[in-house]
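*Asks:* Can you keep this structure in mind? I'll have questions shortly.
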Amino acid sequence: MFIPVIFAMITIVMSPLLLGQEESLLQGIAAPEQISLIKIKGDAGLRYVGTIIERNDKEIVLLTEGKIKVLIPIETILDIRTIPSSHFHDGEYWFPNPNETRYLYAPSAFNLKKGEGYYQNTYLFINSFNYGFTDNFSFGMGFEFLSTFGSVGSGSFNPIYFLTPKYSMEVSENLRVGIGVLYGSILDEMGGFGVGYGLATYGNPEHNATLGLGFGFFDGDFRTDPVITISGMTRISRRMSLVTENWFFPADVYRGILTYGIRFFGESMSVDLALINNAELATVFPIGIPYVDFVVKF
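So the number in the working numbering is just where the residue sits in the sequence shown, counting from 1, plus 25.
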């Protein structure tokens, strides 16, 4: 027998809602005789995953994964969002990947949704913010502290800052493409440096690979041979993913910088522990140089 699986997010608030809103919200809840998987978010951030076993015009009864019944007054429901049943693995709920838009530093062709954003800190000294203005366009900016400390010591204030606009779109179910710029400069100085790029991502938010092609520039002069990036991630558990990000720079021959590591994450925070390596580094640090960052999504 096919059992419809409906997943919902419900936010509990202290004040009652209008009757019309309650009726609208009830339409998103399955009938009592159906087994429905739901997610509930309370006003204090409390969350449950379970099955609706009863509902009427005044309340719903939720049976959690721990077989505990929770009574939810309808008047306290603020929002219901349908979430696909594919987020269940062997009966366990896996929340959506909060970091599908980036690998370590390089972007994927997935984009932040409108109103979403995140703060990223790398090595404690590099700080950046990214925000989704639409479902297809995001803009990021950041700065690093090391040059700031050095410039302040010399009586000036000239930190390196960077800007990262990106536009991406879905081509098919498993293919997305995007364009963007990684631009950096020193405050109060003319000119800048960076990469204008295009990229294609194949896969879904949990398991994907990205090929990027970019052209570097410095003070208005563009290189004609491209920088190439090959990156990927795969989710191996509810709270862990494997991540790799690899850059290949043109010289007399292409030279690569490889990164490989693991990402630990919750619904809104993640920590990346990785290693950076190439042929030259491997002679001194065989396993590579440690890379650390943390990200808070909002």
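A virtual CB, placed ideally from N, CA and C, is assigned to each residue, including glycine.
#1: At what residues does the beta strand (DSSP E) containing Glu305 begin and finish?
#2: Please classify Ile151: does DSSP put it in a helix, a strand, or coil?
#3: From Leu129 to Trp272, what does the alpha carbon distance come to, in whole angstroms?
#4: For the candidate residues Leu224, Gly216 and Pro184, whose alpha-carbon lies nearest to that of Val196?
#5: Whole angstroms are fine: how far does the CA of Gly237 sit from the CA of Phe168?
#6: Apply the 10 Å Cβ neighbour rule to Asp82 and answer buried if 16 or more other Cβ atoms are within range, or exposed otherwise.
#7: Drop a sphere of 10 angstroms on the beta-carbon of Asp246, count the other beta-carbons inside from all chains shown, and report buried for 16 or more, exposed for fewer.
#8: Please specify which runs of the beta strand (DSSP E), each continuous and at least 3 residues long, are wholly inside the stretch 196 to 266, giving them in chain order.
#9: Compute the Euclidean distance between the alpha carbons of Ser163 and Asn122, then round it to the nearest angstrom.
#10: DSSP three-state label for Leu312, please.
#11: Would Ala333 be called buried (16 or more neighbouring beta carbons within 10 Å of its own) or exposed?
#12: Pull up the distance between the alpha-carbon of Leu283 and that of Gly140, whole angstroms please.
#13: Can you tell me which of Arg80, Glu90, Ile85 and Glu84 puts its alpha carbon nearest to the alpha carbon of Val74?
#14: Restricting to Cα atoms, I'd like to know which of Ala234, Phe274, Thr308 and Thr189 is closest to Met258.
#15: Over what stretch of residues does the beta strand (DSSP E) that includes Glu169 continue unbroken?
#16: Are Phe290 and Asn146 closer than 8 Å when you measure CB to CB?
*Replies:* Well, looking at it:
#1: Taking the first residue of the sequence shown as 1, we reach residue 305 at position 280. Segment Ala304 to Ala307 is the alpha helix (DSSP H) holding Glu305; no beta strand (DSSP E) there.
#2: As a first step, residue 151 must be located in the sequence shown, where it is residue number 126. Ile151: strand per DSSP, three-state reduction.
#3: Position 104 of the sequence shown, counted from the first residue, corresponds to residue 129. Position 247 of the sequence shown, counted from the first residue, corresponds to residue 272. Distance between the alpha carbons of Leu129 and Trp272: 12 Å.
#4: Looking up residue 196 in the sequence shown gives position 171. The option with the nearest alpha carbon to Val196 is Leu224.
#5: Along the sequence shown, read from residue 1 onward, the residue named residue 168 stands at position 143. Along the sequence shown, read from residue 1 onward, the residue named residue 237 stands at position 212. Using only the alpha carbons, I get a separation of about 23 Å.
#6: Taking the first residue of the sequence shown as position 1, residue 82 is located at position 57. Result: exposed.
#7: Position 221 of the sequence shown, counted from the start, is the residue given in the question as residue 246. So Asp246 ends up on the exposed side.
#8: 200 to 211, 218 to 228, 232 to 243 and 252 to 262
#9: Your numbering for residue 163 matches position 138 in the sequence shown. Your numbering for residue 122 matches position 97 in the sequence shown. The alpha-carbon atoms of Ser163 and Asn122 are separated by roughly 18 Å.
#10: The residue given as residue 312 occupies position 287 in the sequence shown. Just to set this straight, residue 312 is Ile in the shown sequence, not Leu. It is coil, neither helix nor strand.
#11: Look at the range of the chain in this structure, 26 to 323, and you will see that residue 333 is not part of it.
#12: Within the sequence shown, the letter at position 258 stands for residue 283. Within the sequence shown, the letter at position 115 stands for residue 140. Rounded to the nearest angstrom, the two C-alpha atoms are 33 Å apart.
#13: Residue mapping note: residue 74 aligns to position 49 of the sequence shown, counting from 1. Answer by Cα proximity: Glu90.
#14: Residue 258 sits at position 233 when you count from the first residue of the sequence shown. Ranking the options by Cα distance to Met258, first place goes to Ala234.
#15: Here the question's residue 169 lines up with position 144 in the sequence shown. Its beta strand (DSSP E) spans residues Phe162 to Glu169.
#16: Indexing the sequence shown from 1 puts residue 290 at position 265. Indexing the sequence shown from 1 puts residue 146 at position 121. For Phe290 and Asn146, no; Cβs fall outside 8 Å.
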